[in-house]
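Student:
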Amino acid sequence: MSNQEIYTRPTTISEMLERMENFSTPEGWQRGLVYKPDPTDVFIVTPPKCGTTWMQQIVHGLRTRGSMDFDEICRVVPWINMAHDCGIDIYAPQVANPRAFKTHLTLEEAPKGGKYIVILRDPQNALISHYYFFEGFFFEKGSIDIETFSREFYLPRQAIFNHIKTMWERRRDVDVLPLCYENMKMDLSRTVERVAEFIGIPLDDELREIVVRQSDIKFMLAHENQFEDHVIRK
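If you're matching positions, the sequence shown starts at 3 in this note's numbering and goes up one per residue.
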């Protein structure tokens, strides 16, 4: 059997769902669920394709004054439910404080006791981004159209709508910072200010300039190999 036959991607939603059952191990996922945070731990809580990587870069830049000394952002701001399967110890010291994690769990599901940055996005734009992220990764390029993807996968999962509901119920909690993706794009500097204040990082003019510049889309595209989820893809 050739390598091409071994590593073919799914071409239907049902096949994709079946393959995704092996995306993580039950043990690895459970380790993320039962993690006991310190009160200063920061969780980036988002539906998929709603600014997760963007916020990982902002938080990491704030706590390190712009260090880019990582091969992949998930090495320094781990996906807490996938970390074990990627060989990352979620209890090990991180390169800087506060400790930070990403998760696609809702606020209701995420480990309790830390601080939570929640980002929501226009569902239509999130769907389009989600589709093109999955195409060529989770399913063979060109094999599933966006309408089928939406009706049979995206909408039934209700991910973004569940996030909206749980965030809305806690939007005024002191340990929750609710953000909107579209507003972040309109005023990145103000977003950086709000995040710095929320996670307890003193923000001077130099640090603001560094983080705004390094979380700009042009900078991140120029360093896209550090934001491509190649650890997860492998």
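Glycine included, C-beta positions come from ideal geometry on N, C-alpha and C. Remember, it's a predicted structure, so these values are computed and weren't measured experimentally.
Are the segment 85-94 and the segment 23-39 in contact at 8 Å, needing three or more beta carbon pairs?
Tutor: Yes: the two stretches touch, three or more of their Cβ pairs being nearer than 8 Å.
Student: Report back the beta-carbon spacing between residue 61 and residue 44 to the nearest angstrom; my notes put them in contact at under 8 Å.
Tutor: That pair is a contact at about 6 Å.
Student: Report, in whole angstroms, the separation of the C-beta atoms of residue 197 and residue 64, which I expect to be a contact under 8 Å.
Tutor: Sure, about 7 Å apart at Cβ, within 8 Å.
Student: Using beta-carbon positions only, say whether residue 10 and residue 145 come within less than 8 Å of one another.
Tutor: Not a contact, by the Cβ cut-off of 8 Å.
Student: Suppose you measure from the CA of residue 155 to the CA of residue 54; what does that come to, to the nearest Å?
Tutor: Computed Cα separation, rounded: 20 Å.
Student: Counting along the chain, where does the alpha helix (DSSP H) carrying residue 92 start and finish?
Tutor: Here residue 92 belongs to no alpha helix (DSSP H), and DSSP marks it neither H nor E.
Student: Hey, how far is the Cα of residue 26 from the Cα of residue 210?
Tutor: Taking the straight line joining both Cα atoms gives about 37 Å.
Student: Of the residues 178, 141, 205, which one's Cα is nearest the Cα of residue 191?
Tutor: The candidate whose alpha carbon is nearest that of residue 191 is 205.
Student: Tell me whether residue 52 sits in a helix, a strand or coil according to DSSP, three-state version.
Tutor: Note: residue 52 maps to coil in three-state DSSP.
Student: Going straight from the alpha carbon of residue 143 to that of residue 15, what length do you get?
Tutor: Spanning the two alpha carbons is a distance of roughly 13 Å.
Student: In this structure, what does DSSP give as the bridge partners for residue 141?
Tutor: Beta-bridge pairing links residue 141 to 137.
Student: Per DSSP, what kind of secondary structure is residue 200 in: helix, strand or coil?
Tutor: Correct three-state label for residue 200: helix.
Student: Taking the alpha carbon of residue 115 as the point to measure from, which residue in 214, 66, 41 has its own alpha carbon closest?
Tutor: Taking only the C-alpha atoms, the option nearest residue 115 is 41.
Student: Could you tell me the distance, in whole angstroms, from the CA atom of residue 141 to the CA atom of residue 199?
Tutor: So the alpha carbons of these two residues sit roughly 40 Å apart.
Student: Who are the near neighbours of residue 113 in its chain, counting only those whose CB is closer than 6 Å to its CB and skipping five residues on each side?
Tutor: Cβ within range, chain order: 37, 39.
Student: Quick check on the DSSP output: the beta strand (DSSP E) that includes residue 19 runs from which residue to which?
Tutor: That residue, residue 19, is in no beta strand (DSSP E); its alpha helix (DSSP H) goes 15-22.
Student: Taking the beta carbon of residue 170 as the centre, do at least 16 other beta carbons fall within 10 Å, making it buried, or is it exposed?
Tutor: The residue in question, residue 170, is exposed, as its Cβ has fewer than 16 Cβ neighbours within 10 Å.
Student: Which class does residue 102 belong to by DSSP, given the choice of helix, strand or coil?
Tutor: In this structure, residue 102 counts as strand in the three-state DSSP scheme.
Student: Put residue 205 into one of helix, strand or coil per three-state DSSP.
Tutor: Note: residue 205 maps to coil in three-state DSSP.
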